[in-house]
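Mapping the sequence shown onto the numbering used here, position 276 (from 1) lands on 1423, and the numbers just tick up by one. Below is one structure, written out as structure tokens; comments come after it.
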Amino acid sequence: MPIQTTDKIWHNGTLIPWADANIHVMSHVVHYGSSVFEGIRAYTQGEKAGIFRLREHMQRFIDSARIYRMPLPYSLDELCQAVVDVVDANDVAPCYIRPVAFRGYGEIGVNPLKSPVEIYIANFPWGKYVPGNQGADVCVSSWNRLAPNTMPSLAKAGANYMNSQLIRMEAEINGYVEGIALDRNGYLSEGSGENLFLIREGKLFTSPLANSVLNGITRASVIQIAKDFGIEVVEQSLPRELLYLCDEAFFTGTAAEVSHLRSVDRILIGDGSMGPVTKKLHDEFFALVNGTKSDRYNWLTPVNVKVAETVGA
């Protein structure tokens, strides 16, 4: 999906013009993938707008950097304020927000410790990520998720998404919109950029973090909503064949939001339409972020922007 440019990008404490947000080709990140990032959405709520779970996203940003020994010279509060500042400055909502920290220009070689850390925060309009409104046709990828003790899955690191690219490209080349990866032991992990949920006999199943799963913010939100609805949530290792036996399935993620799956490996899930449990969770999620229900979890951080049309389901 093409990027729609905005006016300003936050860089190391200063708002700069979008066109000036450049790095040197010899920056460490270009050669070794030494970056961590976040994906956040801001939604409109009637005549207002709010950023979804800002503090949780920025805490994960800090945590990802910590895993990679990448010092960030800003506190959680300062980074959250920086996100608000850039959204306010660009006056765009709804929007997608991309904070990124990386090793910049300094030294060559695998050891990153003497290369400076740069932080940028951008935002721009971005709509639906998983194509189609009638459900996604997906496949099980031939590419596994990263094995434990190789690349840390709890870090939202740029290098991890080389694996995601292989999963997504393979799926699209073979006529699917997305791929689902297994972990090194053959259990269900996640999509290229989404967490995975299955429903069988009224229970909501999802893979635990130990199955090389990103600790998704939207994942946690859907689990919270499900529990409050009295839906039993089961986090356990799941076999591949449960994809073919489940009654419903859906992806979650900042980009994917809550997107139901129509089929896996050309096997229809239910009748292919969004099932009742998925619809209940989907509708509640969008009601909360779009302001048709009160923000009972305090998930939205207000921003002062013009209100455009709401990002839909």
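All C-beta atoms, glycine included, are put in the ideal place defined by N, C-alpha and C. The structure presented is a predicted model; accordingly, all values stated were derived computationally and were not measured.
- prompt: Once you ignore the five residues that flank residue 1452 on each side, which residues in its own chain have a CB closer than 7 Å to its CB?
  reply: Here residue 1452 is taken as the residue at index 305 of the sequence shown, counted from 1. For residue 1452, same chain residues with a beta-carbon under 7 Å away, outside a window of 5 residues either side, are 1196, 1234, 1235, 1238, 1239, 1240 in chain order.
query: Near residue 1281, what residues of its chain come up, given a Cβ to Cβ distance below 7 Å and the 5 sequence neighbours on each side ignored?
result: Position 134 of the sequence shown, counted from the start, is the residue given in the question as residue 1281. For residue 1281, where only same-chain residues beyond five positions count, the Cβ hits under 7 Å are 1409.
- request: Inspect the beta-carbon positions of residue 1424 and residue 1378 and report whether they are closer than 8 Å.
  value: Position 277 of the sequence shown, counted from the first residue, corresponds to residue 1424. Position 231 of the sequence shown, counted from the first residue, corresponds to residue 1378. Going by C-beta atoms, residue 1424 is nearer than 8 Å to residue 1378.
message: For residue 1209 and residue 1450, which I take to be in contact (beta-carbon distance under 8 Å), what is that distance rounded to the nearest angstrom?
response: To locate residue 1209, count along the sequence shown from 1; it is residue 62. To locate residue 1450, count along the sequence shown from 1; it is residue 303. Going by Cβ atoms, the distance from residue 1209 to residue 1450 rounds to 21 Å, so no, they are not a contact pair.
message: By DSSP's criteria, residue 1305 is part of a beta bridge. Which residues make up the other side?
response: The residue given as residue 1305 occupies position 158 in the sequence shown. For residue 1305, which the question treats as bridged, DSSP gives no partner whatsoever.
- prompt: Nearest CA to the CA of residue 1291: which residue from 1263, 1303, 1338, 1262?
  reply: If you number the sequence shown from 1, residue 1291 lands on position 144. Of the candidates 1263, 1303, 1338, 1262, the one whose C-alpha sits nearest the C-alpha of residue 1291 is 1338.
field: Expected contact under 8 Å - CB spacing of residue 1364 and residue 1428 to nearest Å
entry: By 1-based counting over the sequence shown, the position of residue 1364 is 217. By 1-based counting over the sequence shown, the position of residue 1428 is 281. Not quite, the Cβ-Cβ distance comes to about 15 Å (not below 8 Å), so this is no contact.
message: So, for residue 1390: in the same chain, excluding its five sequence neighbours on each side, which residues have a beta-carbon less than 6 Å away from its beta-carbon?
response: On the sequence shown, position 243 is the one that residue 1390 refers to. Closer than 6 Å at Cβ, skipping near neighbours: 1411.
Residue range of the unbroken beta strand (DSSP E) whose run includes residue 1191: Residue 1191 sits at position 44 when you count from the first residue of the sequence shown. For residue 1191, the enclosing beta strand (DSSP E) begins and ends at 1187-1192.
- prompt: Any idea which residues DSSP pairs residue 1270 with across the strands?
  reply: Sequence index remark: in the sequence shown, residue 1270 carries index 123 (1-based). DSSP lists 1244 as partners of residue 1270.
- prompt: Any contact of the stretch 1301-1316 with the stretch 1253-1264, i.e. 3+ C-beta pairs under 8 Å?
  reply: no
task: In angstroms with no decimal places, state the Cα-to-Cα distance between residue 1357 and residue 1336.
output: Against the sequence shown, residue 1357 aligns to sequence position 210. Against the sequence shown, residue 1336 aligns to sequence position 189. Going by the C-alpha atoms only, they are around 9 Å apart.
query: From what residue to what residue does the alpha helix (DSSP H) around residue 1401 run?
result: The sequence position of residue 1401 within the sequence shown is 254, counting from 1. First-last for residue 1401: undefined, no H or E at that position.
task: With a threshold of 16 other CB atoms inside 10 Å of the CB of residue 1318, please say whether the residue is buried or exposed.
output: The residue given as residue 1318 occupies position 171 in the sequence shown. By the neighbour-count criterion, in which 16 or more other beta carbons inside 10 Å mark a residue as buried, residue 1318 falls on the buried side.
message: With a threshold of 8 Å, are at least 3 pairs of Cβ atoms found where one atom belongs to the stretch 1163-1177 and the other to the stretch 1412-1421?
response: no
- request: Have a look at the DSSP bridge pairing and note the partners of residue 1344.
  value: On the sequence shown, position 197 is the one that residue 1344 refers to. Paired residue(s): 1353, 1397.
Extent of the continuous alpha helix (DSSP H) to which residue 1236 belongs: Residue numbering aside, residue 1236 sits at position 89 when the sequence shown is read from its first letter. Segment 1223-1237, the alpha helix (DSSP H) holding residue 1236.
field: Chain-order list of residues whose beta-carbon lies under 7 Å from that of residue 1211 (same chain, five-residue window excluded)
entry: By 1-based counting over the sequence shown, the position of residue 1211 is 64. Only 1183, 1302, 1303, 1304 meet the Cβ criterion.
Residue 1382 - partner residues in DSSP beta bridges: As a working note, residue 1382 is residue 235 in the sequence shown. DSSP lists 1353 as partners of residue 1382.
message: Could you compute how far the alpha carbon of residue 1232 sits from the alpha carbon of residue 1315?
response: Residue mapping note: residue 1232 aligns to position 85 of the sequence shown, counting from 1. Residue mapping note: residue 1315 aligns to position 168 of the sequence shown, counting from 1. Rounded to whole angstroms, residue 1232 to residue 1315 spans 33 Å at the Cα level.
task: Using the Cα positions of residue 1352 and residue 1334, report the straight-line distance between them to the nearest angstrom.
output: Position 205 of the sequence shown, counted from the start, is the residue given in the question as residue 1352. Position 187 of the sequence shown, counted from the start, is the residue given in the question as residue 1334. Here the alpha carbon of residue 1352 sits roughly 13 Å from the alpha carbon of residue 1334.
task: Rounded to whole angstroms, what's the CA-CA distance from residue 1310 to residue 1330? Just pull it up for me.
output: By one-based count along the sequence shown, residue 1310 stands at place 163. By one-based count along the sequence shown, residue 1330 stands at place 183. Using only the alpha carbons, I get a separation of about 12 Å.
message: Cutting at 7 Å between CB atoms, please list the residues of its own chain near residue 1100, excluding the five before and the five after it.
response: The structure shown does not extend to residue 1100, since the chain spans only 1148 to 1460, so no value can be given for it.
query: What residue from 1245, 1270, 1242, 1249 has the CA that sits closest to residue 1180's CA?
result: Position 33 of the sequence shown, counted from the first residue, corresponds to residue 1180. Shortest Cα-Cα distance from residue 1180 to any of 1245, 1270, 1242, 1249 involves 1249.
- request: Measure the alpha-carbon distance for residue 1207 versus residue 1413 and round it to whole angstroms.
  value: By 1-based counting over the sequence shown, the position of residue 1207 is 60. By 1-based counting over the sequence shown, the position of residue 1413 is 266. If I take the Cα positions, the gap works out to 36 Å.
query: Starting from residue 1285 and walking both ways along the beta strand (DSSP E), at which residues does that stretch end?
result: In the sequence shown, residue 1285 corresponds to position 138, counting from 1. Where residue 1285 is concerned, the enclosing beta strand (DSSP E) stretches over 1283-1287.
query: Relative to the alpha-carbon of residue 1401, which residue among 1443, 1433, 1307 has its alpha-carbon at the smallest distance?
result: Start at 1 with the first residue of the sequence shown, and residue 1401 comes out as number 254. Among 1443, 1433, 1307, the Cα nearest to that of residue 1401 is on 1433.
- request: Give the DSSP-derived three-state secondary structure of residue 1265 in the structure shown.
  value: To locate residue 1265, count along the sequence shown from 1; it is residue 118. Residue state, collapsed to three classes: strand.
- prompt: Is the CB-CB distance between residue 1271 and residue 1151 below 8 Å?
  reply: Taking the first residue of the sequence shown as 1, we reach residue 1271 at position 124. Taking the first residue of the sequence shown as 1, we reach residue 1151 at position 4. Taking a C-beta distance under 8 Å as the contact criterion, residue 1271 and residue 1151 qualify as a contact pair.
message: Among 1307, 1288, 1226, whose alpha-carbon lies nearest the alpha-carbon of residue 1203?
response: The residue you call residue 1203 lines up with position 56 of the sequence shown. Answer by Cα proximity: 1226.
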